[in-house]
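Scroll down for the structure; my scribbles are underneath it.
In UniProt numbering, the protein residues as written are 1 to 209.
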């Protein structure tokens with residue numbers, strides 16, 4: 001009886017070995033096939049990365065940027081705006097009479113560009129008549145500084161700040177203190193594509209004696 005059980009056990013072990021061997025032969029080709037497929041996919045990805053890396057040169061990057069900004073030369077744009085704004089602000093804050101203002105108003109407006117900035121600057125500097133006498137809003141310009149924020153390639157927006165330091169007119173004869181310097185800031189967004197400005201924020205800064 002013991003010998004019979006021993007033989008059965010040996011046969012069972014042999015059958016299990018044969019089964020595992022069979023399963024190995026069946027599954028091994030599939031494993032090889034899966035491994036080969038993964039290797040092939042990885043090689044394809046590596047090749048794609050190499051192609052993209054080779055294309056990502058400095059010149060190609062410049063080309064993409066140029067196409068995105070429509071060949072805009074931002075330096076030229078900023079230099080032109082700075083020159084026009086500086087000249088227009090200088091004239092607007094230095095005029096002393098109504099006739100002088102009227103003779104320069106058209107040129108001032110053309111250099112300031114579109115309506116928002118023009119109307120704001122003119123409103124703060126226009127010469128008025130008081131009892132028949134010319135009354136300028138400014139007694140002369142000390143300094144004007146035009147600066148720009150970071151250009152947004154997608155929206156074509158260029159932030160602009162114009163800092164004006166001028167001599168205010170003292171309209172109160174009883175004033176005991178003369179203010180020699182008053183600073184104001186014009187802030188707005190300039191649309192490079194449309195050559196237009198957005199709403200202008202006018203801020204009065206601290207005056208100095």
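Backbone N, C-alpha and C fix where the C-beta goes; we use that ideal spot for every residue, glycine too. Just so we're clear, the structure is a prediction, and the values are computed from it rather than from any experiment.
CA-to-CA, the gap between residue 168 and residue 134 works out to about 15 Å. Going by beta carbons, residue 144 and residue 77 fall outside the 7 Å limit.
When secondary structure is reduced to three states using DSSP, residue 77 falls in the helix class. Fewer than three beta-carbon pairs drawn from the region 100-112 and the region 148-168 are found closer than 8 Å, and the two stretches are therefore not classed as touching. A distance below 8 Å between beta-carbons, with the five flanking residues on each side excluded, links residue 121 to the following residues of its chain, in chain order: 88, 89, 92, 108, 112 and 186. Residue nearest to residue 164 within the set 138, 116 and 74 is 138 (criterion: CA-CA distance).
In summary, residue 118 is buried, with 16 or more beta-carbon neighbours lying within 10 Å of its beta-carbon over all protein chains present.
From the listed residues 126, 124 and 190, the smallest Cα separation to residue 146 is found for 190. For residue 126, DSSP assigns no beta-bridge partner whatsoever. Where residue 112 is concerned, there is no enclosing beta strand (DSSP E), although the alpha helix (DSSP H) around it starts and stops at 98-112. Just so you know, the alpha carbons of residue 149 and residue 131 end up roughly 44 Å apart. A direct Cα-to-Cα measurement between residue 81 and residue 184 gives close to 19 Å.
The Cβ atoms of residue 200 and residue 158 do not sit closer than 7 Å to each other. With a contact defined as Cβ atoms closer than 8 Å, residue 124 and residue 202 qualify at about 7 Å.
Looking only at 140, 101 and 188, the smallest Cα-Cα distance to residue 166 is reached by 140.
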